[in-house]
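If you use full-length UniProt numbering, the sequence shown corresponds to residues 1 to 752, in order.
Built from N, CA and C at the ideal position, the CB exists for glycine as well.
Given the structure is predicted, the values throughout are model-derived calculations rather than measurements.
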Amino acid sequence: MALDYLSLLNPSQAGAVMQTEGPCMIIAGAGSGKTRVLTYRIAHLLEQGVSPFNILALTFTNKAAKEMRARVEKVVGPNARSLWMGTFHSVFAKILRSEADKIGYPRSFTIYDTQDTKTLIGQIIRELELDDKLYKPGLVLGRISAAKNKLISVNQYLSDAAIKADDEAALRPKIGVLYQQYQQRCFKAGAMDFDDLLFNTNVLFREHTDVLNKYQNMFRFVMVDEYQDTNYSQYLITRKLAAKERNICVVGDDAQSIYAFRGADITNILNFEKDYPELKVFKLEQNYRSTQNIVKAANSVIKNNQAQLRKDVFSENEEGTLIEVIKAASDNEEGKLVATTIFEDKMNGHLSYDNFAILYRTNAQSRAMEEALRKLNIRYKIVGGLSFYQRKEIKDLVAYLRLTVNQNDEQALRRVINYPKRGIGDTTISKLVATAEAANHSLWEVVSNADQFVPARISNPVVTFAENIKAYTALAAREDAFEAAKFIAKNSGMIEELYADKSIEGLSRYENIQELLNGIKEYVDDPEREDKSLGAFLQDIALVTDSDLKDAAQEGEAVTLMTIHSAKGLEFRNVFIVGMEENLFPSQMMITSRADLEEERRLFYVAITRAEKKLTLSYATSRYQWGNLRSAEKSRFLDEIDPAFVHFKFAAGGGPGAGAAEQPFQHVFERRSNLVPVLPRKVAATKYVAPADFSPSDTKNLVAGQRVEHPKFGFGVVRLLEKEPAGAKATIDFEEVGEKVLLLSFAKLRIH
Ligand code: ATP
Ligand code: MG
């Protein structure tokens with residue numbers, strides 16, 4: 001039965017669906033039906049008799065591919081299963097599986113994940129005896145990855161002065177050599193990393209025209225969703241594949257380009273117009289997803305960006321409720337208010353928890369949200385990541401804490417005995433385990449007396465490790481959980497190890513550790529808490545760290561939690577964007593230029609436009625950082641939304657307590673979870689609270705060696721001042737967080 005496209009699509013959308021021959025492009029606003037057009041376009045092609053094997057559809061995430069396949073299947077049936085559909089990485093890994101021998105790799109090549117890659121790079125850095133302060137694996141990987149995404153080979157890198165210039169200016173002249181060694185080692189090991197999958201597909205297509213020909217004939221129709229986030233390497237692959245039939249359709253939105261840090265390039269949209277002069281362009285302006293208020297609010301934000309293609313997006317949906325802004329006194333209270341609002345909205349609107357999503361800028365922010373949801377027995381799931389206590393670095397630090405409290409905790413002992421690496425190899429560990437079993441001792445007994453069981457050469461690091469753990473135990477007996485945990489995190493070497501990793505993932509792991517310490521500080525600061533020991537804290541979180549809970553949340557309806565980056569392309573009835581504070585969103589780490597700020601703003605635009613009916617934004621006026629309570633300032637993005645579409649739920653001054661007193665469901669919460677009523681909690685005095693009026697100082701007179709204060713990073717000393725086209729930069733060595741490079745026009749510094 002033929003589909004009645006005209007009843008399912010508006011005329012522009014239907015036009016793009018019917019336009020199956022020749023190149024076509026849709027660059028249109030959020031929620032205007034771009035993905036819907038691709039879905040129906042595939043259905044239409046199949047209906048026309050095109051074989052599913054001839055259709056290639058590239059999406060940005062596996063989840064998006066799965067959803068699109070399910071939607072096509074609904075329309076055309078099981079035929080949809082044979083479509084070539086997936087992320088760039090998954091589709092081209094599949095192709096390389098049958099072609100890799102042509103470029104010298106085994107077909108059964110191994111795929112190295114980021115961790116494998118970093119370990120290998122770390123090894124090479126040590127072998128070449130390079131300064132490990134300048135050459136950190138995460139940073140080196142970032143440079144190699146950027147080169148590969150621009151299709152710069154090792155030889156090109158080594159022979160081109162312009163390419164090397166950046167690294168040389170940063171006093172890292174050996175990046176090229178590292179790139180070379182790394183590539184050789186991967187090649188010898190028959191392994192490819194994620195970037196190689198795309199790089200080598202390009203090599204394959206360039207060097208083997210017969211292979212390219214085969215795939216050109218096979219993929220008669222090529223489609224790409226979220227085209228604004230493709231990098232050069234991906235762009236070239238699609239261009240080559242479509243070169244013969246020229247049936248290529250790309251959809252995207254320049255205002256939602258949020259992966260510049262991974263090499264995504266807006267010029268791919270502009271190139272597309274040049275590559276295909278016969279291009280048909282379709283305009284979609286009607287948003288079908290969101291209420292008028294949400295669409296107008298999103299428009300008012302994105303218009304602050306200078307770099308964007310002008311387009312008008314409108315909605316004919318209901319006007320809808322105003323965007324609500326929640327102000328909380330702390331991040332924990334923010335969590336409680338968000339969880340409370342979700343519960344209320346669900347009850348009042350007879351909704352399902354599936355209708356709700358909580359979006360945040362950084363992964364670490366999930367902790368406060370997860371804890372608040374658990375206290376109200378609200379199910380949740382984390383998309384594109386793990387629940388806070390399931391994350392590797394959190395499990396590592398918690399293992400240290402468990403071991404401190406109970407040395408017979410063998411799981412914990414095994415987990416951290418050689419993490420961070422301290423020269424206790426697997427063989428030594430096996431020997432210790434075998435000795436313990438043979439003598440019927442606990443592993444700890446053998447470890448703490450290792451010199452009696454294994455030769456001194458190997459026992460030394462083991463004995464030192466055991467001595468450290470004993471010292472932690474003694475400390476934990478004297479100090480509260482926070483002081484003990486903070487000391488252990490530093491002394492074990494974990495903080496240093498994570499701080500050294502400057503990749504995006506490394507940054508996120510570092511933030512997670514910081515967030516765990518924040519949680520412990522809040523725990524001990526609670527005036528009603530009597531037992532503030534490490535043991536008591538571990539008992540308190542035992543339930544949360546139980547891995548069984550992770551699976552329980554996968555079934556049944558649940559609130560979705562995720563970073564904004566993972567929310568791209570998705571939609572939810574009610575959306576919460578939390579942590580709307582300066583330095584958090586826009587992110588302090590990411591802003592060094594106007595272009596970066598514009599990328600953060602596009603991210604905010606993506607977040608707003610996920611909401612169908614109701615959008616709530618929240619921020620806290622203070623937040624813990626490394627266990628110190630710091631005042632936080634509301635995000636500049638909040639002020640950029642046209643005030644006509646915003647309602648401040650808790651008026652400034654009234655505080656959230658004013659709202660809480662009237663909560664209609666208050667009694668329900670108390671009965672359900674004995675939750676302390678949602679009132680502003682008095683926060684205990686702490687070491688450092690930045691004044692609320694922290695305004696940008698006159699940094700003209702800044703000189704190296706000067707002592708400065710930053711609202712988030714605390715005190716530090718200026719090491720280096722540089723003038724760059726993007727503005728003046730200062731390298732500052734902060735007492736607590738180490739060295740940071742800040743752009744002075746954004747950094748709010750006080751000179752001391
Ligand atoms: P994003 O930019 O966020 O990826 P998008 O442009 O891909 O958004 P879709 O996800 O395809 O937008 O569509 C947004 C919502 O609007 C979906 O729920 C979709 O089913 C609905 N929609 C799109 N077009 C129409 C239409 N013509 N009639 C009814 N609903 C529509
Ligand atoms: Mg989409």
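{"Query": "Between E739, Y619, G190 and T435, which lies nearest to A500 when the distance is taken from Cα to Cα?", "Result": "E739"}
{"Query": "Going by beta carbon distance, what residues of the same chain come within less than 6 Å of E226, once the five residues before and after it are set aside?", "Result": "F60 and G252"}
{"Query": "What distance in whole Å lies between the Cβ atoms of P461 and R422, which are believed to be in contact at a cut-off of 8 Å?", "Result": "5 Å"}
{"Query": "Is V578 buried or exposed, if buried means 16 or more other CB atoms sit within 10 Å of its CB?", "Result": "buried"}
{"Query": "Classify E273: buried if its beta carbon has 16 or more other beta carbons within 10 angstroms, exposed otherwise.", "Result": "exposed"}
{"Query": "Can you give me the start and stop residues for the beta strand (DSSP E) that E437 sits inside?", "Result": "That residue, E437, is in no beta strand (DSSP E); its alpha helix (DSSP H) goes D426 to A439."}
{"Query": "Looking at ligand 1, does it come within less than 7 Å of L128, judged from the CB to the closest heavy atom?", "Result": "no"}
{"Query": "Buried or exposed for H565, please, with buried defined as at least 16 other CB atoms from any protein chain shown within 10 angstroms of its CB.", "Result": "buried"}
{"Query": "Where DSSP assigns a beta bridge to D345, which residues make up the other side?", "Result": "Per DSSP, none; premise fails for D345."}
{"Query": "Please confirm whether any heavy atom of ligand 1 lies closer than 7 Å to the CB of N200.", "Result": "no"}
{"Query": "Give every residue of the same chain whose Cβ lies closer than 7 Å to the Cβ of L507, excluding the five residues on either side of it in the sequence, and list them in chain order.", "Result": "M589"}
{"Query": "Can you name, in chain order, every residue of its own chain whose Cβ lies under 6 Å from the Cβ of T144, other than the five neighbours on each side?", "Result": "The displayed chain sequence assigns Ile, not Thr, to residue 144. Same-chain partners within the cutoff: Y179."}
{"Query": "Going by DSSP in three states, E722 sits in which element: helix, strand or coil?", "Result": "strand"}
{"Query": "Can you tell which of N155, Y235, Q256 and M218 has the C-alpha that lies nearest to the C-alpha of E245?", "Result": "M218"}
{"Query": "So for K712, helix, strand or coil by DSSP?", "Result": "coil"}
{"Query": "Pick out the complete alpha helix (DSSP H) segments inside the segment 111-182, 4 residues or longer, and give them in chain order.", "Result": "114-127, 137-149, 154-159 and 161-169"}
{"Query": "Between V75 and G493, what straight-line distance do the alpha-carbon atoms span, to the nearest angstrom?", "Result": "56 Å"}
{"Query": "Does the CB of E496 have a neighbour CB from chain B at under 8 Å?", "Result": "Absent from the structure is chain B; it holds one protein chain and no more."}
{"Query": "In chain order, what residues of the same chain lie with their CB nearer than 6 Å to the CB of L158, ignoring the 5 residues before and after it?", "Result": "G176"}
{"Query": "Could you pull the DSSP bridge partners for K615 from this structure?", "Result": "Before going on, a small fix: residue 615 reads as Leu here, not Lys. Answer by DSSP bridge pairing, in chain order: V575."}
{"Query": "Give, in chain order, every unbroken run of the beta strand (DSSP E) that is at least 3 residues long and sits entirely within the segment 265-340.", "Result": "280-282 and 323-328"}
{"Query": "Quick check on the DSSP output: what are the complete alpha helix (DSSP H) runs of length 4 or more inside the segment 492-531, in order along the chain?", "Result": "494-499 and 504-525"}
{"Query": "Find the nearest neighbour of I125 within the set D116, T117 and Y135, judged by alpha-carbon distance.", "Result": "Y135"}
{"Query": "Quick check on the burial criterion: 16 or more other C-beta atoms within 10 angstroms. Buried or exposed for G705?", "Result": "exposed"}
{"Query": "Ignoring anything shorter than 4 residues or poking outside the segment 85-113, list the alpha helix (DSSP H) runs there in chain order.", "Result": "88-99"}
{"Query": "Is Y112 a contact residue of ligand 1, with contact defined as CB to any heavy atom under 7 Å?", "Result": "no"}
{"Query": "Could you tell me which of E334, K381 and R610 sits nearest to G29, measuring between CA atoms?", "Result": "R610"}
{"Query": "With hydrogens ignored, establish whether the beta-carbon of G569 is closer than 7 Å to any heavy atom of ligand 2.", "Result": "yes"}
{"Query": "Please report the straight-line C-alpha distance between F187 and V211, rounded to a whole angstrom.", "Result": "21 Å"}
{"Query": "For ligand 1, is there a heavy atom less than 7 Å away from the beta-carbon of K296?", "Result": "no"}
{"Query": "Which residue wins for smallest C-alpha separation from Q228, given the options P420, L38, N268 and A242?", "Result": "N268"}
{"Query": "Looking only at its chain, what residues have a beta carbon closer than 6 Å to the beta carbon of I458, apart from the 5 residues adjacent to it on each side?", "Result": "T428"}
{"Query": "Kindly indicate which residue of T731, E735 and L702 has the alpha-carbon position closest to the one of R750.", "Result": "L702"}
{"Query": "What does the alpha-carbon distance come out to for the pair S108 and I504?", "Result": "29 Å"}
{"Query": "Since I believe T209 is in contact with I95 (beta carbons under 8 Å), could you give me their beta-carbon distance rounded to a whole number of angstroms?", "Result": "So it is not a contact: roughly 15 Å between Cβ atoms."}
{"Query": "Within the present structure, is the beta-carbon of K63 separated from the nearest heavy atom of ligand 1 by less than 7 Å?", "Result": "no"}
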